[in-house]
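Using my numbering, the letters of the first sequence correspond one by one to residues -6 to 543. Here a beta-carbon is modelled for each residue, glycine too, at the ideal position from N, C-alpha and C. Take a look at the structure below.
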Amino acid sequence: MLVFRDFRDDVARASNGSRLVIKPSDVEIDSKGFADYVIRVFRYRHEDWFGSWFSAFSEAVRSLDFIERCELSGDYINISISGKSLFSTIKQSMDTVGVFPETFQDPDRVVVEHTSANPTGPIHVGRIRNSIIGDSMARIMSRYGYRVSTQYFVNDSGKQVMALYEGHKRFFPDSEMTVDNLMKGYQKIYSEMESLGGEDAVLGPLLKRYEIPDTALIEEIRGVCTIVLNSIRNTLLKLNIKIDDFVFESGFLQGEEIARAFEMLEGSLRAEGAARYVDTPWGKKEFLVRSDGTKLYLARDLAYHLFKADHFDVIVDVLGEDHKDYAKSLKYILSDLIGVDKKIEFLIYSFISLEGSKLSTRQGNIITVEDLITRADQEARKIIAGKQGEYSVEAMENIAKVVATNSVRFNIVRVNPQKPMVFRWEDAMNTDGDSAPFIMYSYSRAFSIMEKTRPSQKLSLEFDSTEKGLLWNMYLYADFIKRSVDSKRPDLIAFYLLNLTKAFNDFYSRCQVNVDDDGVRGRRLEITSMYSRIVRDAAGLLGMNVLDRM
RNA sequence: GGGUCCGUGGCCUAGUUUGGAUAAGGCACCGUCCUUCUAAGUCGGUGAUCGGGGGUUCAAAUCCCCCCGGGCCCGCCA
């Protein structure tokens, strides 16, 4: 959890014992520019006691050392915090523990499962939203104070990967097992599945061997998956996405967990021939075992979740909206039928679609993430080449690389996961306005200021409204982290970064830092330094790096 | 067909959970500012029946109902 001085608590406390007790949650952060906090009092404003209540309340509030203003305006009580209090709150935290807001290590261990794409080909833009949201959410929860691990559940036991293995074996047995060659076999076996006798004839025997289990075969297929997985992992690393653990499905085929799952479900399991399923309250049959005795993905996934529940307190799964109903069933079976008492949460996101057409791995109608990164890198180089500054080749390449990575991540994470996205190159490449470079650029200017400004030991703590506005935005960082964690919305951090950047740009254009007055210079330099630390911190939550120069 | 999510200026996005002050940013377009710390920037302007219709309320982008449009799900695939 976060530890910081929340002024709302004190404001609310000022009403204790009075006719109208204000709760901290009644003290809202103003978004319309009237004040810092607002309390809505429409309901009480026309009561005969309201006048005397307000005068007592406002007097109590005004006597608090951090209050600059507290007044009634129509249906609202507008409250402002003094710049000095914001400044000292943030600075004190940074001076003592190095960051604002401070984190109190939460004992809860969290596992965020994300990506988990079938290792049957390179990752594409439709999938990458999962990885970007998942990685960002893991970083945000970690910043909040949880002990977070990320996991990728690797499907190395399903029909798709068997087709990957079988396709290569049948059609290109002599070619090297590269991602490209494996893909060729995969696509060929699916295109010829009918003439080969159908899925059951082609993959059925392999499925059977998994149940025996034929460990040599399982090892072999796992090896094939690993080849594709390594390329996916490399792509993800280019976007600063590092997954802590890759957990293989094959590890749950015969293990203790799957035995336990079936044991716990014994009373709930129903039969249809030799097949086994459970009923959900909403009338769906969820099958765990086929009539030929082989197990379905759900069985292995339940085992995997029991494994996660054994090691973690909170389980977060990042899933596409196509898995929404599946997730509901999974949670029902785990929590209500098996009795897992750990918190299980799903972060469901809508798909990224291509304009006019669908993303389909089978049809080869995809834009790979590698393509996206490469093109973003080229765009960034073009833009840099058009700038006036002098850049060495290495500097230029590094800036382009970071801008490209940040842009790809930012342009995807900034949209509410719930909202569908249509992929357009011009949006993905956006570097003006609400974009990653907009944020990065402001940071670089701040760095430049700190480099060029003569230090000052003096601090005059008279903040003007622009400085105050920036401080207020810095202070809101804590609130945004909390809201982002509570609502599982990494996009809120993106929104926060844009607001913070706008506040700094305002400060930059109105407040000259490098001035003769030692007190003013000291104060503004300190504000600039605090801003740069917060923006770097917040950008990090989205896996973005900021650059000293660009 | 049933379920579910989405629909906000020409385009993209925030605001919807918890109803309240002039619906907020960005792109594009028009104009402003480089002899003040980086112009990937700043300031200003044009532009919105908040998909449509009803309802609840003193008050609706926000809650309820119906309709329209789109995504996704409705496998003994994963």
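- Look at the beta carbons and you see the region 418 to 425 touching the region 395 to 402: at least three pairs across the two are nearer than 8 Å.
- Excluding sequence positions up to five before and after Leu262, its CB lies within less than 7 Å of the CB of Arg269, Val271, all in the same chain and listed in chain order.
- Looking at Ser75, Tyr139, Ile70, the one whose alpha-carbon comes closest to that of Glu61 is Ser75.
- Taking Pro413 as the centre and dropping the five residues before and after it, the same chain places the C-beta of Ser343 closer than 6 Å to its C-beta, in chain order.
- Here Ile442 has Val506, Thr521 as same chain residues with Cβ atoms under 6 Å from its own Cβ, once five neighbours each way along the sequence are excluded.
- Within the region 342 to 421, the complete beta strand (DSSP E) segments of 3 residues or longer fall at 345 to 347, 414 to 416, listed in chain order.
- Contact between Phe497 and Ala429 fails: their C-beta atoms lie close to 15 Å from each other, not under 8 Å.
- Under the three-state reduction of DSSP output, Val221 falls in the helix class.
- When only Cα atoms are considered, Asp479 and Phe35 end up about 28 Å apart.
- Less than 8 Å separates the beta-carbon of Lys336 from that of Val307.
- With contacts defined by Cβ atoms closer than 8 Å, Val240 and Val333 do not form a contacting pair.
- Put simply, of Ser81, Arg(-2), Pro94 the residue whose alpha carbon is nearest the alpha carbon of Tyr470 is Pro94.
- For Leu291, the closest alpha carbon among the candidates Glu314, Leu258, His304 is that of Leu258.
- Every alpha helix (DSSP H) stretch that sits fully inside the region -5 to 41 and reaches 4 residues is listed by chain position as 0 to 6, 35 to 38.
- At a Cβ-Cβ threshold of 8 Å, Asn409 and Arg482 count as neighbours.
- Counting every other CB atom within 10 Å of its CB across the protein chains shown gives Thr89 a total below 16, marking it as exposed.
- Under the three-pair Cβ rule at 8 Å, the region 153 to 167 counts as touching the region 177 to 195.
- Fewer than three pairs of CB atoms, one per stretch, sit closer than 8 Å, so the region 129 to 146 makes no contact with the region 386 to 395.
- Counted as a single uninterrupted DSSP element, the alpha helix (DSSP H) harbouring Gly44 occupies residues 43 to 55.
- Only residues of its own chain outside the window of five on either side were considered, and among them Pro112 have a CB closer than 6 Å to the CB of Leu222, listed in chain order.
- Taking C-beta atoms under 8 Å as the contact rule, Glu204 and Gly286 qualify, at a distance of about 6 Å.
- With contacts defined by Cβ atoms closer than 8 Å, Ala487 and Val406 form a contacting pair.
- Per DSSP, Ser66 is one residue of the beta strand (DSSP E) stretching across 60 to 66.
- Ile125 and Arg529 have their C-alpha atoms spaced approximately 18 Å apart.
- Thr521: member of the alpha helix (DSSP H) spanning 511 to 534, first to last residue.
- Annotation for Arg503: the continuous alpha helix (DSSP H) segment containing it runs 484 to 503.
- In the displayed model, Val195 falls within a helix according to three-state DSSP.
- In terms of CA proximity to Ile133, Asp484 leads the group Val513, Met523, Asp484.
- Classified as exposed, Gly216 has fewer than 16 neighbouring CB atoms from the shown chains inside 10 Å of its CB.
- The beta carbon of Ser73 sits closer than 6 Å to the beta carbons of Ala28, Asp29, Glu61, Arg62 from its chain, once the five residues preceding and following it are set aside; these are given in chain order.
- Going by DSSP, Ile126 is part of the alpha helix (DSSP H) stretching over 118 to 137.
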